[in-house]
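Here is the structure we will look at.
Number of protein chains: 4
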Amino acid sequence: MEDSCSLDKRRERLAADTFAAGLGVELLEVSEGYSRARLRLSSRHLNFNGAVHGAVIFALADAVFAAASNSHEEICAATHVSIDFLRAPRPEDELVAECRENLLGRKAGHYTMQVKDASGETVALCQGWVYRSSRLHED
Amino acid sequence: MEDSCSLDKRRERLAADTFAAGLGVELLEVSEGYSRARLRLSSRHLNFNGAVHGAVIFALADAVFAAASNSHEEICAATHVSIDFLRAPRPEDELVAECRENLLGRKAGHYTMQVKDASGETVALCQGWVYRSSRLHED
Amino acid sequence: MEDSCSLDKRRERLAADTFAAGLGVELLEVSEGYSRARLRLSSRHLNFNGAVHGAVIFALADAVFAAASNSHEEICAATHVSIDFLRAPRPEDELVAECRENLLGRKAGHYTMQVKDASGETVALCQGWVYRSSRLHED
Amino acid sequence: MEDSCSLDKRRERLAADTFAAGLGVELLEVSEGYSRARLRLSSRHLNFNGAVHGAVIFALADAVFAAASNSHEEICAATHVSIDFLRAPRPEDELVAECRENLLGRKAGHYTMQVKDASGETVALCQGWVYRSSRLHED
C-alpha cells in the first residue's frame, strides 16, 4: 500500500489553491500529465493601461502547469517558465488553459501550456520545466 | 509641447495598478529604464503545497518590468517573459525586485528582472521583451 | 509589380546558407510560414563528451526558423530563441526539424520548432520571435 | 583519492571540442563555475542575408556554458537555453563570451552567458539550465 495520496485527493488540493482560486481560476480537469482550467476576465484583471494583466494570464497558465506536473505522486516545483503573449484577450473574455506533458523524466518534467480566448484563438504559449522531488504528496 | 504625460504621472498610474497593488506589490522607484518594488509575503501568497506561489514571484517581477518599460513616453506591452526560479523564498520573507533595461530599440525593448529575498539571495531571474507601440501615455 | 524576389528565389537562397549547409543541414521544404529540414548526424557533430552537440541541434532548429520566417517578403531577424532539450539523439541518428508560424504580426512573428529523431521522438522543442523589418528580400 | 579527472584535464578536453573549435571558438579561461571564450568572425559565419548567423552566436555562448557547467566533477548536460539577440555584430567583429554560475544545486545548475563585440557592447544575453548527472568526468 502506498503512503501517497490518490489523484482525487491531489485534485481537491490543487483546486483549493487559494491564490489561483482567489483570482477566479477554476480547475476543470486534472488527469495524469494533463490539466485544463478556465478564467472569466473582469475589471480586476486589468492593468494600469486597461489591458488584461500579463501576470493574470501567467497565473492561469501556471495553475494548469502546477496541476499537470503534480498529477503524479512526486511533489514538483517549477524551475523555469517562459510565456509568449501572442494576442491580447478582450477585457471581458473567458480564457481556457490546457497543459500537456512533453517529458516525464526521473528528476525533471517538461510541459507546454496554451491559453485560448473564447473564440479559440491562442492568447499565450508557455513552456515549463519542473524539478521532481523524491517527496510524495501526502494524505 | 508634448501630448504625453510626465514621468510623475506615469509613476502614479503604475503604482495604482490594481492587480499588483491588490497582491501587496509596492512600487518603490521608477526612473527612465529602471524600476524597483517590494512585496511582503504572507499566507495568501502560498500555493497548495505551502510554498510561495511561482505566479506571485512572477507578478512582482512583472510589476517592475511594466514600470521600467513604460517609464518612457511610448506605451509598451510584453511579448515574452521567461522566469528562472533559483531559490525558494521563506513563506514570510520580504522580496525586492529590480528591473534594468538592456536594449531600448525603436519598436522593441529588452529587460532583466532580478528578485531577491531579505538576505539578498536571488530568488528568481527574468528576461522580458516588450513591443513599443507608437501610442504615447496620455494625461 | 513587386520589387521583392519570389518564394522560389528565397528558397534557393535559404538552401544555400553556407553555415547551415556546411553542417549538413538539408532544407526539404519551404512554404509560407512553414519549413522542414533534415540533418544526418556523424562524429563531427559530437561534443567533448561523446554526445550530440546542443549547438548542432540548435543550428538545425534555427535553419527551419530562418526559412519559415523569411518565407514572406519581409526580411526577418531573430530576436529571441529558446530551446528545450527533451531527449538525447543517438550519435548516428537522422534528425528532422519542422517550423510552424504561430503569429505573423506587422513588426513581429512567433514560431515553434520541433526536432525529432528517426523514430519520431521529440529531441528538442524551440520557440522563437523575429523582428520583421520593412526591407524586402531582393532579387 | 578521486577517480575523477582534474580541472586541468577537463579544460584540455573542453578546448578540444571539435565542433566549437571547428567554428573558430577559442576557450580563453575555465575555472570553477566560470568560463570565457573568443570568436573571430569571418565570411563563413554569415547567413543567407549577409548578417552574422544566430546559430554561430549561440554556439559561442554554448561553448562557455558547457565549459563553466562542466568545470565541476559531475558531467552536465543542457536542458534549456534561451538567447536574446540585442545587437547585430559587424561581419568581421571579434566576439567574447563569458559564462557565470547563478546556481549550483545537487541535480541542476543555472548559468548566464553574455556575448560582447569588440567595442564591449552586448550582442546576446543567454540563460541556461543543466542537469547534473551523478557520473563524474573520467581520466
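Residue numbers (our numbering), protein chains in the order written: chain A, 5 to 143; chain B, 5 to 143; chain C, 5 to 143; chain D, 5 to 143.
Even for Gly, the Cβ is constructed at its ideal location relative to N, Cα and C.
Check whether the Cβ of residue i lies closer than 8 Å to any Cβ atom in chain C.
{"i": "ASP88 (chain A)", "result": "yes"}
Spell out whether any CB of chain B is found under 8 Å from the CB atom of residue i.
{"i": "ALA65 (chain C)", "result": "no"}
{"i": "SER138 (chain C)", "result": "no"}
{"i": "VAL60 (chain A)", "result": "yes"}
{"i": "VAL85 (chain A)", "result": "yes"}
Whose CA, out of the options, lies closest to the CA of residue i?
{"i": "ARG15 (chain C)", "options": "C:GLY26, C:THR22, C:LEU31", "result": "C:LEU31"}
{"i": "VAL56 (chain B)", "options": "A:ALA24, A:ARG44, A:GLN131, A:HIS57", "result": "A:ALA24"}
{"i": "GLU102 (chain A)", "options": "A:LYS120, A:ARG44, A:SER46", "result": "A:LYS120"}
{"i": "SER39 (chain A)", "options": "A:GLY26, A:ASN74, A:PHE52", "result": "A:ASN74"}
{"i": "ALA112 (chain D)", "options": "D:CYS80, D:ALA128, D:ALA122", "result": "D:CYS80"}
{"i": "SER138 (chain C)", "options": "C:PHE52, C:GLU77, C:ILE61, C:SER46", "result": "C:GLU77"}
{"i": "HIS49 (chain C)", "options": "C:CYS130, C:TYR135, C:GLU142, C:GLY26", "result": "C:GLY26"}
{"i": "TRP133 (chain C)", "options": "C:VAL60, C:GLU33, C:GLY109, C:SER123", "result": "C:GLY109"}
{"i": "PHE69 (chain A)", "options": "A:ILE87, A:LEU140, A:LYS13", "result": "A:ILE87"}
{"i": "LEU11 (chain B)", "options": "B:LEU64, B:VAL29, B:GLU33", "result": "B:GLU33"}
{"i": "ALA72 (chain D)", "options": "D:GLY124, D:GLY37, D:HIS114, D:LEU99", "result": "D:GLY37"}
{"i": "ALA1 (chain B)", "options": "A:ASN51, A:ASP66, A:VAL100", "result": "Shown here, chain B extends from 5 to 143; a query on residue 1 (chain B) therefore has no answer."}
{"i": "ARG91 (chain D)", "options": "D:LYS13, D:GLU142, D:THR126", "result": "D:THR126"}
{"i": "GLU96 (chain D)", "options": "D:VAL85, D:ALA122, D:ARG104", "result": "D:ALA122"}
{"i": "LEU107 (chain C)", "options": "C:ALA67, C:ARG136, C:ASP66", "result": "C:ARG136"}
{"i": "GLU105 (chain B)", "options": "B:MET117, B:ALA67, B:VAL85", "result": "B:MET117"}
{"i": "PHE89 (chain A)", "options": "C:HIS114, C:SER47, C:CYS9", "result": "C:HIS114"}
{"i": "HIS84 (chain D)", "options": "C:THR22, C:LEU18, C:GLN131", "result": "C:GLN131"}
{"i": "LYS13 (chain A)", "options": "B:VAL29, B:GLY28, B:CYS9, B:ASN53", "result": "B:ASN53"}
Kindly say whether residue i, judged by its beta-carbon, lies nearer than 8 Å to any beta-carbon of chain D.
{"i": "ALA70 (chain C)", "result": "yes"}
{"i": "GLY28 (chain C)", "result": "no"}
{"i": "TYR38 (chain A)", "result": "no"}
{"i": "PHE52 (chain B)", "result": "no"}
Please report whether the beta-carbon of residue i lies at a distance below 8 Å from any beta-carbon of chain A.
{"i": "HIS76 (chain B)", "result": "no"}
{"i": "HIS57 (chain D)", "result": "no"}
{"i": "ALA41 (chain B)", "result": "no"}
{"i": "ARG48 (chain B)", "result": "yes"}
{"i": "VAL134 (chain C)", "result": "no"}
Classify residue i: buried if its beta carbon has 16 or more other beta carbons within 10 angstroms, exposed otherwise.
{"i": "ALA20 (chain D)", "result": "exposed"}
{"i": "GLY58 (chain A)", "result": "buried"}
{"i": "SER35 (chain A)", "result": "exposed"}
{"i": "ARG94 (chain B)", "result": "exposed"}
{"i": "LEU43 (chain B)", "result": "buried"}
{"i": "LEU129 (chain C)", "result": "buried"}
{"i": "LEU64 (chain C)", "result": "buried"}
{"i": "LEU45 (chain D)", "result": "buried"}
{"i": "LEU183 (chain D)", "result": "For chain D, the structure presents residues 5 to 143; residue 183 (chain D) sits outside this window and is missing."}
Chain-ordered residues of the region 96-128 of chain B with a beta carbon less than 8 Å from chain D: ASN106, LEU107, HIS114, THR116, THR126
Selection of the region 7-23 of chain B by Cβ proximity to chain A, strictly under 9 Å: ARG14, ARG17, LEU18, ALA19, ALA20, ASP21, THR22, PHE23
Contained beta strand (DSSP E) runs [length at least 3] in the region 21-87 of chain C, N- to C-terminal order: 30-35, 38-44
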